[in-house]
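Here is the structure we will look at, set down as structure tokens.
Numbering (our numbering), first residue to last: 319 to 577.
Below, the structure is given as structure tokens:
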């Protein structure tokens with residue numbers, strides 16, 4: 319469960335360092351250690367921990383100085399920090415800092431493991447919610463184009479504009495993919511090699527009847543009569559036809575639909 323999660327434990331107590339390292343590795347974490355703040359900073363040049371377990375009273379560089387070293391100009395740490403210290407009174411001191419937790423020494427190792435796993439789970443959940451929110455906010459398009467060079471040009475235009483792009487390189491692939499992904503707009507080249515674009519849209523419209531999907535049919539290099547196809551498809555749903563495969567023109571058409 320935590321195989322992709324990394325901890326950095328910074329503590330000068332050798333026995334405690336070994337025990338905590340063992341326990342967290344037993345729970346699936348990748349664990350790196352340091353015996354003072356200087357070693358901790360050296361480790362941060364090589365790893366990006368999901369959480370730092372930081373002791374306060376250490377030689378060479380203590381926890382407070384280390385913490386200040388990893389904060390930006392606004393006092394926000396660049397990595398999540400959980401404080402461990404024998405000085406219980408320091409909990410009040412750290413309330414003014416942006417830390418993820420505090421545990422006074424001595425403590426039961428099971429208590430530490432539970433607190434840390436709870437923090438990691440919470441952060442993972444928050445990250446997933448953020449990613450979901452970003453995905454939900456970004457409009458998505460499926461581009462059905464069997465010419466790879468042309469696809470790259472069209473996709474690049476939409477990616478720069480903030481769209482999520484789902485690629486399909488044939489009509490059959492588009493039908494299978496869109497049935498599972500439900501993009502906001504499907505952009506289909508008329509003259510595909512395996513299925514004509516109008517046929518693809520007709521099949522998709524039948525499959526996705528209850529989905530609110532718009533379709534843009536555009537003329538590529540094929541000489542197929544797109545206007546006739548478009549007139550035939552107009553009665554089936556939200557179909558838009560454009561005479562060119564020029565990427566900015568396609569983006570402009572889709573922007574009109576999305577807005």
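We treat Cβ as the ideally placed atom computed from N, Cα and C, and that holds for glycine.
Just so you know, these numbers come straight off a predicted model, no measurement behind them.
Are the CB atoms of residue i and residue j nearer to each other than 8 Å?
i           : j           : result
residue 489 : residue 508 : no
residue 403 : residue 374 : yes
residue 492 : residue 486 : yes
residue 590 : residue 471 : Summary: the structure shown does not reach residue 590, with the chain confined to residues 319 through 577, and so no result is reported for it.
residue 522 : residue 503 : no
residue 427 : residue 349 : no
residue 388 : residue 324 : no
residue 393 : residue 376 : no
residue 457 : residue 576 : yes
Which one of the options has the shortest CA to CA distance from residue i?
i           : options               : result
residue 519 : 382, 534, 530 and 566 : 534
residue 464 : 477, 566, 515 and 497 : 515
residue 561 : 522, 506, 575 and 529 : 506
residue 415 : 477, 427 and 386      : 386
residue 438 : 389, 397 and 510      : 397
residue 344 : 568, 431 and 459      : 431
residue 570 : 484, 498 and 479      : 479
residue 526 : 462, 496 and 517      : 496
residue 358 : 340, 327 and 347      : 327
residue 353 : 405, 384 and 568      : 384
residue 573 : 498, 459 and 322      : 459
By the three-class DSSP mapping on this structure, what secondary structure does residue i have?
i           : result
residue 490 : helix
residue 537 : coil
residue 508 : coil
residue 348 : strand
residue 333 : helix
residue 559 : strand
residue 394 : coil
residue 564 : coil
residue 372 : strand
residue 496 : helix
residue 354 : coil
residue 544 : Summary for residue 544: the model assigns pLDDT 49, below 50, so the residue's position carries little reliability, and this model does not support an answer.
residue 570 : helix
Report buried or exposed for residue i, applying the criterion of at least 16 other Cβ atoms within 10 angstroms of its Cβ.
i           : result
residue 370 : buried
residue 481 : buried
residue 332 : exposed
residue 536 : buried
residue 474 : exposed
residue 360 : exposed
residue 544 : Because the pLDDT of residue 544 is 49, which lies under 50, any placement of that residue in the model is unreliable, and the number read from its coordinates should be weighed accordingly. Per the 10 Å Cβ criterion, buried.
residue 477 : exposed
residue 546 : Here residue 546 scores only 49 on pLDDT, less than 50, and its place in the model is too uncertain to base an answer on.
residue 530 : exposed
residue 559 : buried
residue 511 : exposed
residue 466 : exposed
Please decide whether residue i counts as near chain D, where near means a Cβ-Cβ distance under 8 Å.
i           : result
residue 403 : Of the protein chains in this structure there is only one, and it is not chain D.
Just grab the DSSP bridge partners of residue i for me.
i           : result
residue 400 : 371 and 419
residue 440 : None; residue 440 has no bridge partner.
residue 462 : 486 and 506
residue 324 : 348
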